[in-house]
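First the structure, in the form of structure tokens, and then the observations on it.
Number of protein chains: 2
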Amino acid sequence: MEKVMLEQQTIQEFLSALSSKAPVPGGGGASAIAGAIGNGLGQMVGNLTIGKKKYAQVEEEILQLLNKMEALQKELVSLANQDAEVFAPLAAAYGLPTRTEEEKVYKTKIMEENLLAASQVPIQIMEKSIEMLSAFAILAEKGSRMAVSDVGVGVQLIRSALLSAVMNVYINTKSMKNREKAQELNQYADELVANGTKQADQIYDTVLKALK
Amino acid sequence: MEKVMLEQQTIQEFLSALSSKAPVPGGGGASAIAGAIGNGLGQMVGNLTIGKKKYAQVEEEILQLLNKMEALQKELVSLANQDAEVFAPLAAAYGLPTRTEEEKVYKTKIMEENLLAASQVPIQIMEKSIEMLSAFAILAEKGSRMAVSDVGVGVQLIRSALLSAVMNVYINTKSMKNREKAQELNQYADELVANGTKQADQIYDTVLKALK
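From first to last, the protein sequence lines stand for chains A and B. Each residue of the first sequence is one higher than the one before, starting from 0 at the first, in numbering that gives the first Met the number 0. Each residue of the second sequence is one higher than the one before, starting from 0 at the first, in numbering that gives the first Met the number 0.
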């Protein structure tokens, strides 16, 4: 099968593939792309801030932030592709035979490995979402006032990436035999959700106050 | 200027255009696309539900829902394009001269018209988001259990479309001279936010209970 990088698809192709019953792209890829779109708005706000006399005092800080957000953008697009890549071996593992004791043991082992890999991609999407929110906290405070509504839009999209990605952590840890590892991953994901939504809602409230 | 339909852009092109300081695409287009991605996951869940013996009893209802979601998908992509289209005349209106009293009166009139148009596109994105959430409430209850996490992902993306689009209502009504009309639009948008977030959070909680 030819590997098509998700970012090379048109939006229409992506939406069609998503809507179909094909397993990928699915929720994991969608959450990473939502995060990337949110991050893109942050980059826009940064680009509207630099080179302006009014914001000369924050120019250096915003330039550094833009570098960071550019790197985050690449990582999110890569994670959207990785989410599709970890699905195929997991689907194959679900189909392994269980006629003998050896086959059962082997299937359990392979399933565990693939469920772990499939949990770790959304966890990385969540970690990147938290990093993006830190950048947005700075943009909300120091970015161009003209584009403050776009800070609010970006924050909501990143918040949705966080709360979307966690779905794909839960659905994979749910099938893991190693309950200790599963609980550990869920607990870490829950902490990221709690911290991230709190930060996102604070930034959004700041933007709302500037707008209304 | 050649008109490029947003859905014909690759995801990479869209992200690059969004990140740049070019005025469009901006927050309005991003919110419509986030909604379309969320809706696409709902269509996927519907497509995974139909044709299955287990879900034969809901087959007809889900088929109708799929038709509705397909129409919503087209409307959201169209709204993403409309958001870009209403921006150009608004930007031009901001640049109108105000040397004479006549020019001032004319500018105010044209500004009002364009601010109203620019407020109405995000309001439509919000209305479509509410319609999508109604479809998701049915999917959460009756759609394939296998894809329940994707219902959760879709709901978060639509919630973000709603809370993103409202930013673009506020930023345009803020500049309107007709404060009565501005208040009326804000109040309607606030109601959509209140109803929509309540419904989205309820659906997400249902999904969480099924997953954890």
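Note that the Cβ used here is the ideal one computed from N, Cα and C, for glycine as well. Please read all numbers here as calculations on a predicted model, not as lab measurements.
(message) With a threshold of 8 Å between beta carbons, is Y169 (chain B) in contact with chain A?
(response) Residue 169 (chain B) sits at position 170 when you count from the first residue of the second sequence. Yes, because at least one Cβ of chain A sits closer than 8 Å to the Cβ of Y169 (chain B).
(request) Note down, in chain order, all residues in the stretch 8-35 of chain A with a beta-carbon under 7 Å from any beta-carbon belonging to chain B. (result) Q8, T9, I10, Q11, F13, L14, L17, S18, S19, K20, G25, G26, A29, S30, I32, A33 and A35
(message) Between the alpha carbons of M0 (chain A) and A87 (chain A), how many angstroms are there, rounded?
(response) On the first sequence, residue 0 (chain A) is found 1 positions in, with the first residue counted as 1. On the first sequence, residue 87 (chain A) is found 88 positions in, with the first residue counted as 1. Confidence at M0 (chain A) is low in this model, with a pLDDT of 47, below 50, so the placement of that residue is unreliable and no value is reported for it.
(request) Spell out a yes or no on whether the stretch 83-100 of chain B and the stretch 109-123 of chain B are touching, meaning 3 or more CB-CB pairs, one atom from each, closer than 8 Å. (result) yes
(request) Specify the secondary structure class of T9 (chain B) as computed by DSSP and reduced to three states. (result) Locating residue 9 (chain B) in the second sequence gives position 10, where the first residue counts as 1. Note: T9 (chain B) maps to strand in three-state DSSP.
(message) Which of the three DSSP states is assigned to R98 (chain B) in this structure?
(response) Counting from 1 along the second sequence, the entry for residue 98 (chain B) is found at position 99. The answer is coil: DSSP assigns R98 (chain B) none of H, G, I, E or B.
(message) Quick check: what's the CA-CA separation for G37 (chain B) versus G153 (chain A)?
(response) Residue 37 (chain B) sits at position 38 when you count from the first residue of the second sequence. Residue 153 (chain A) sits at position 154 when you count from the first residue of the first sequence. Using only the alpha carbons, I get a separation of about 16 Å.
(request) Just confirm the distance between the C-beta atoms of A216 (chain B) and V44 (chain B), as a whole number of angstroms; I'd bet it's less than 8 Å. (result) No information on residue 216 (chain B) is available, as it lies outside the stretch 0 to 211 that chain B covers here.
(message) Restricting to Cα atoms, I'd like to know which of A:A209, A:L78 and A:Y187 is closest to E6 (chain A).
(response) As a working mapping, residue 6 (chain A) is identified with position 7 in the first sequence. Out of A:A209, A:L78 and A:Y187, A:L78 has the C-alpha closest to the C-alpha of E6 (chain A).
(message) If I follow the unbroken alpha helix (DSSP H) through K67 (chain B), where does it start and stop?
(response) Taking the second sequence and counting its residues from 1, one reaches residue 67 (chain B) at position 68. Here the alpha helix (DSSP H) through K67 (chain B) covers E58 to Y93.
(message) Counting C-beta neighbours from all protein chains within 10 Å, is the total for E59 (chain A) 16 or more, i.e. buried, or is it exposed?
(response) Taking the first sequence and counting its residues from 1, one reaches residue 59 (chain A) at position 60. Under this definition E59 (chain A) is an exposed residue.
(request) Can you tell me which of B:I129, B:A117 and B:T9 puts its alpha carbon nearest to the alpha carbon of D82 (chain B)? (result) For the purposes of this step, residue 82 (chain B) is identified with residue 83 of the second sequence, where counting begins at 1. Of the candidates B:I129, B:A117 and B:T9, the one whose C-alpha sits nearest the C-alpha of D82 (chain B) is B:A117.
(message) Less than 8 Å between CB atoms is the rule here; does S159 (chain A) satisfy it with respect to chain B?
(response) Indexing the first sequence from 1 puts residue 159 (chain A) at position 160. Interface residue, yes.
(message) Whether or not the stretch 7-21 of chain B and the stretch 155-174 of chain A are in contact is what I'm after, with contact meaning three or more pairs of Cβ atoms, one per stretch, closer than 8 Å; do they touch?
(response) no
(message) Given this structure, state the Cα-to-Cα distance separating T46 (chain A) from V206 (chain A), to the nearest angstrom.
(response) Stepping through the first sequence from its first residue, residue 46 (chain A) is reached at position 47. Stepping through the first sequence from its first residue, residue 206 (chain A) is reached at position 207. First, the residue type needs correcting, since residue 46 (chain A) is Asn and not Thr in the sequence shown. If you take the alpha carbons of N46 (chain A) and V206 (chain A), they lie about 18 Å apart.
(request) Note down, in chain order, every chain A residue with its Cβ under 7 Å from the Cβ of V211 (chain B). (result) Within the second sequence, residue 211 (chain B) is the residue found at index 212, counting from 1. Residue identity differs from the one stated: residue 211 (chain B) is Lys in this sequence, not Val. Within chain A, the residues near K211 (chain B) are Y169.
(request) Using the Cα positions of T48 (chain B) and K53 (chain A), report the straight-line distance between them to the nearest angstrom. (result) As a working mapping, residue 48 (chain B) is identified with position 49 in the second sequence. As a working mapping, residue 53 (chain A) is identified with position 54 in the first sequence. If you take the alpha carbons of T48 (chain B) and K53 (chain A), they lie about 55 Å apart.
(message) Assess contact between the stretch 197-204 of chain B and the stretch 130-138 of chain B, defined as three or more Cβ pairs (one per stretch) separated by less than 8 Å. Is contact present?
(response) yes
(message) At the level of alpha carbons, what is the spacing between I122 (chain B) and V120 (chain A)?
(response) The sequence position of residue 122 (chain B) within the second sequence is 123, counting from 1. The sequence position of residue 120 (chain A) within the first sequence is 121, counting from 1. Between I122 (chain B) and V120 (chain A), the C-alpha separation is close to 35 Å.
(message) Given this structure, state the Cα-to-Cα distance separating K67 (chain B) from K141 (chain B), to the nearest angstrom.
(response) The residue labelled residue 67 (chain B) in the question sits at position 68 within the second sequence. The residue labelled residue 141 (chain B) in the question sits at position 142 within the second sequence. About 16 Å.
(message) Which residue wins for smallest C-alpha separation from E74 (chain A), given the options A:K106, A:R178 and A:A31?
(response) By 1-based counting over the first sequence, the position of residue 74 (chain A) is 75. Comparing Cα positions, the closest option is A:A31.
(message) Among the candidates A:S148, A:Y93, A:M175 and A:S174, whose CA atom is the shortest distance from the CA of D204 (chain A)?
(response) As a first step, residue 204 (chain A) must be located in the first sequence, where it is residue number 205. Answer by Cα proximity: A:S148.
(message) Counting only C-beta atoms, is N177 (chain A) closer than 8 Å to chain B at any point?
(response) Sequence index remark: in the first sequence, residue 177 (chain A) carries index 178 (1-based). So, not an interface residue.
(request) Tell me whether P24 (chain A) is buried or exposed, calling it buried when 16 or more other Cβ atoms sit within 10 Å of its Cβ. (result) By one-based count along the first sequence, residue 24 (chain A) stands at place 25. By the 10 Å Cβ count, P24 (chain A) comes out buried.
(request) Would you tell me roughly how many angstroms separate the C-alpha atoms of P22 (chain A) and V192 (chain B), rounded to the nearest one? (result) For the purposes of this step, residue 22 (chain A) is taken as the residue at position 23 of the first sequence. For the purposes of this step, residue 192 (chain B) is taken as the residue at position 193 of the second sequence. The alpha-carbon atoms of P22 (chain A) and V192 (chain B) are separated by roughly 32 Å.
(request) Can you grab the Cα-Cα spacing for the pair K211 (chain A) / E183 (chain A), in whole Å? (result) Stepping through the first sequence from its first residue, residue 211 (chain A) is reached at position 212. Stepping through the first sequence from its first residue, residue 183 (chain A) is reached at position 184. Each residue's alpha carbon lies about 42 Å from the other.
(message) So, for L65 (chain B): in the same chain, excluding its five sequence neighbours on each side, which residues have a beta-carbon less than 8 Å away from its beta-carbon?
(response) As a first step, residue 65 (chain B) is located in the second sequence; it is residue number 66 there, counting from the start. Excluding sequence neighbours, L65 (chain B) sits near Q42, G45, N46 and I49.
(message) Using 8 Å as the threshold, is the C-beta distance between S159 (chain A) and S159 (chain B) below it?
(response) In the first sequence, residue 159 (chain A) corresponds to position 160, counting from 1. In the second sequence, residue 159 (chain B) corresponds to position 160, counting from 1. Contact: yes.
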